[in-house]
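Residue numbers (our numbering), protein chains in the order written: chain C, 1 to 110; chain E, 1001 to 1089; chain R, 2001 to 2162.
If you want it as structure tokens, here you go:
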């Protein structure tokens, strides 16, 4: 495997792991459940997408045959992440979870 | 270079999963715990894909795909249960 | 034709999905994929919502590219917010009035809003006229509503012609 491909794979892996970590840091640091929804559902999804892209490049370069089935996982995650976020937001509003003081606007009654 | 990146990524995703686990334990609300579980399953997909690259085998692809499928369905089921007190209405 | 291939787009997507899953582009898998792509839409036809037709495919490609770019750019911004000062965020709920009542278009719009970081679609009113959106760091609520409508809803309405 050439040094260039290896560099691209390494960069994608590090970017992906970085975003995954940022998503989880958001999960811990943010103040209420509504803001916490933002970190994991998107930063983590993007991070995993990047790692899967790295896997695609790696196996295509390694075997010499185009290996694209990893795309399925990314596709699935990007379709399902908004759905779980939406349902969790609805759940939070239904259970009337506390929101931070500075939030403007009101959640709807469920 | 690749092995260094892989090791660093293992550590980073591991820390991410520990933080998620902390949120599962601490809460404070049930929604938080479900959200943290949702994050944990997505992180575990990343870990499995990384492990596949580390071992140089694409055998783990199916495992990652199955975790994605089952994780999504379970998140929806739990959220639906909290929302309506019932999963299949 | 209509009876045997109720939705050509769905068939095409299923065929592509099968080839991806098999990770094998040999003629045998292609024939098997055609078999599934023809069979599954016929069986599942009664379950589908009314699907809008894609009026402007060129615009759809531009829209997909724009959304990808937004996801990347906005993720950087959110990462910066999370790492710097979570206590100084200005979260807000905003209500976005919708101009379309097509379920499919609303679903795509809500998903795009959720995927671009900084906003999560939280609920939709029972009459499908208003979308409740939670923003992570909102400076001007009216501006956020306007940008969602102009940036995502307008192109979607144009693409699906409704």
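We put the beta carbon where it would ideally sit given N, CA and C, even for glycine. Bear in mind that the values here come from a model prediction, so they are computed numbers and not experimental data.
With H, G and I counted as helix, E and B as strand and the rest as coil, what does DSSP make of residue i?
{"i": "residue 2137 (chain R)", "result": "coil"}
{"i": "residue 2124 (chain R)", "result": "strand"}
{"i": "residue 1062 (chain E)", "result": "helix"}
{"i": "residue 60 (chain C)", "result": "helix"}
{"i": "residue 104 (chain C)", "result": "strand"}
{"i": "residue 2130 (chain R)", "result": "strand"}
{"i": "residue 2107 (chain R)", "result": "helix"}
{"i": "residue 44 (chain C)", "result": "helix"}
{"i": "residue 2158 (chain R)", "result": "helix"}
{"i": "residue 65 (chain C)", "result": "coil"}
{"i": "residue 1029 (chain E)", "result": "coil"}
{"i": "residue 1001 (chain E)", "result": "coil"}
{"i": "residue 31 (chain C)", "result": "coil"}
{"i": "residue 2085 (chain R)", "result": "coil"}
{"i": "residue 1011 (chain E)", "result": "helix"}
{"i": "residue 37 (chain C)", "result": "coil"}
{"i": "residue 2008 (chain R)", "result": "helix"}
In chain C, which residues lie with their C-beta within 7 Å of the C-beta of residue i?
{"i": "residue 2028 (chain R)", "result": "What residue 2028 (chain R) touches in chain C: nothing, since even the nearest Cβ is about 16 Å away."}
{"i": "residue 2102 (chain R)", "result": "By Cβ distance, chain C contributes nothing, its closest Cβ being about 18 Å from residue 2102 (chain R), past 7 Å."}
Using 7 Å as the limit for Cβ to Cβ distance, is residue i near chain R?
{"i": "residue 40 (chain C)", "result": "no"}
{"i": "residue 5 (chain C)", "result": "no"}
{"i": "residue 68 (chain C)", "result": "yes"}
{"i": "residue 37 (chain C)", "result": "yes"}
{"i": "residue 72 (chain C)", "result": "yes"}
Comparing the C-beta of residue i with each C-beta of chain C, is any distance below 7 Å?
{"i": "residue 1033 (chain E)", "result": "no"}
{"i": "residue 1076 (chain E)", "result": "yes"}
{"i": "residue 2007 (chain R)", "result": "no"}
{"i": "residue 2136 (chain R)", "result": "yes"}
{"i": "residue 2077 (chain R)", "result": "no"}
{"i": "residue 2121 (chain R)", "result": "yes"}
{"i": "residue 1001 (chain E)", "result": "yes"}
Any idea if residue i is buried or exposed, counting beta-carbon neighbours within 10 angstroms, 16 or more meaning buried?
{"i": "residue 2099 (chain R)", "result": "exposed"}
{"i": "residue 2153 (chain R)", "result": "buried"}
{"i": "residue 2143 (chain R)", "result": "exposed"}
{"i": "residue 34 (chain C)", "result": "buried"}
{"i": "residue 2146 (chain R)", "result": "exposed"}
{"i": "residue 88 (chain C)", "result": "buried"}
{"i": "residue 1061 (chain E)", "result": "buried"}
{"i": "residue 1018 (chain E)", "result": "exposed"}
{"i": "residue 2133 (chain R)", "result": "buried"}
DSSP has residue i in a bridge; who is on the other side?
{"i": "residue 1057 (chain E)", "result": "Looking at the DSSP assignment, residue 1057 (chain E) forms no beta bridge with any residue, so it has no partner."}
{"i": "residue 2095 (chain R)", "result": "R:2132"}
{"i": "residue 2119 (chain R)", "result": "R:2135"}
In chain R, what lies closer than 7 Å to residue i by C-beta?
{"i": "residue 100 (chain C)", "result": "2091"}
Can you find a CB in chain E that lies within less than 7 Å of the CB of residue i?
{"i": "residue 75 (chain C)", "result": "no"}
{"i": "residue 10 (chain C)", "result": "yes"}
{"i": "residue 24 (chain C)", "result": "yes"}
{"i": "residue 2 (chain C)", "result": "no"}
{"i": "residue 20 (chain C)", "result": "yes"}
For residue i, which residues in chain E fall below 7 Å Cβ to Cβ?
{"i": "residue 115 (chain C)", "result": "The requested residue 115 (chain C) is not part of the displayed model; chain C covers only 1 to 110."}
{"i": "residue 61 (chain C)", "result": "Within 7 Å Cβ-Cβ: nothing; residue 61 (chain C) doesn't reach chain E, min ~11 Å."}
Residue i touches chain C at which residues, Cβ-Cβ below 8 Å?
{"i": "residue 1083 (chain E)", "result": "87, 90, 91, 94 and 110"}
{"i": "residue 2118 (chain R)", "result": "38"}
Strictly below 9 Å CB to CB, what residues from chain R border residue i?
{"i": "residue 106 (chain C)", "result": "2093"}
{"i": "residue 81 (chain C)", "result": "2111, 2114 and 2115"}
{"i": "residue 103 (chain C)", "result": "2090, 2091, 2092, 2093 and 2134"}
In chain R, which residues lie with their C-beta within 8 Å of the C-beta of residue i?
{"i": "residue 48 (chain C)", "result": "Per Cβ cutoff of 8 Å: no residues; residue 48 (chain C) is ~13 Å from chain R at best."}
At a CB-CB cut-off below 9 Å, which residues of chain C make contact with residue i?
{"i": "residue 1053 (chain E)", "result": "9, 13, 51, 54, 55, 58 and 59"}
Under 8 Å Cβ-Cβ, which residues of chain E neighbour residue i?
{"i": "residue 33 (chain C)", "result": "1029, 1031, 1032 and 1035"}
{"i": "residue 16 (chain C)", "result": "1009 and 1046"}
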